[in-house]
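Here the structure comes first, spelled out in structure tokens, and everything after it is commentary.
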Amino acid sequence: MERKYDLEARLIEFASAIIAFTDSMVNSKAGNHMANQLLRSGTSPALNYGEAQSGESRKDFIHKMKIVLKELRESGVAIKIIEKARLHHESETIVSLQNECNQLISIFVKSVGTAERNSN
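Count along the sequence shown from 1, add 7, and you get the number used in my numbering.
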């Protein structure tokens, strides 16, 4: 039980960091576009993880966990684009977000794999 909370707490922290990050991005057409894109994909994992916890079946749980993973991967790519296009000036924050995103992706790759093995 505690482990689930820890993962949920990490996803909420990640979403919160994404919100602060996107609020401080370069105010331009591209900056606003990428901020909105990252805001959606970066806050979605916490919400979808919450949904997965009350999945109607093992199949539903796995499906929602895969959505979490998809959104985390999208966020990782968005962060790379933001860095490459210099749409944010805090390189330490970019590195920190990318690192946490990569760690969360690794966790969810393993979780989905375990859930799929257990369902067979």
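Quick reminder that beta carbons are idealized off the backbone N, C-alpha and C, glycines included.
Near residue i, which residues of its chain fall below 7 Å by C-beta distance, leaving aside the five closest residues on each side in sequence?
i: Lys71; result: Asn55, Glu58, Ala59, Gly62
i: Gln44; result: Ala85
i: Lys91; result: none
i: Arg80; result: Ile112
i: Val119; result: Ile69, Met72, Lys73, Leu76
i: Val33; result: Leu94, His95
i: Thr100; result: Phe28
If you follow the alpha helix (DSSP H) that residue i is in, where does it begin and where does it stop?
i: Val102; result: 98 to 126
i: Arg93; result: Careful: Arg93 lies outside any alpha helix (DSSP H) and carries neither H nor E.
i: Gly49; result: 36 to 59
When burial is assigned at 16 or more other CB atoms within 10 Å of the CB, is residue i buried or exposed?
i: Glu9; result: In this prediction, Glu9 scores a pLDDT of 43, lower than 50, which makes its location untrustworthy; the coordinate-derived value is nonetheless stated afterwards. It is exposed - the Cβ of Glu9 has fewer than 16 other Cβ atoms within 10 Å.
i: Gly83; result: buried
i: His96; result: exposed
i: Val75; result: buried
i: Ile26; result: exposed
i: Ala16; result: exposed
i: Glu107; result: buried
Tell me which residues share the same chain as residue i and place their Cβ nearer than 6 Å to its Cβ, disregarding the 5 neighbours each side in the sequence.
i: Glu140; result: Residue numbering for the chain in the displayed model covers 8 to 127; residue 140 lies beyond these limits and cannot be assessed.
i: Gln105; result: Ile86
In its own chain, which residues sit with a C-beta less than 8 Å from the C-beta of residue i, not counting the 5 before and 5 after it?
i: Ser98; result: Glu90
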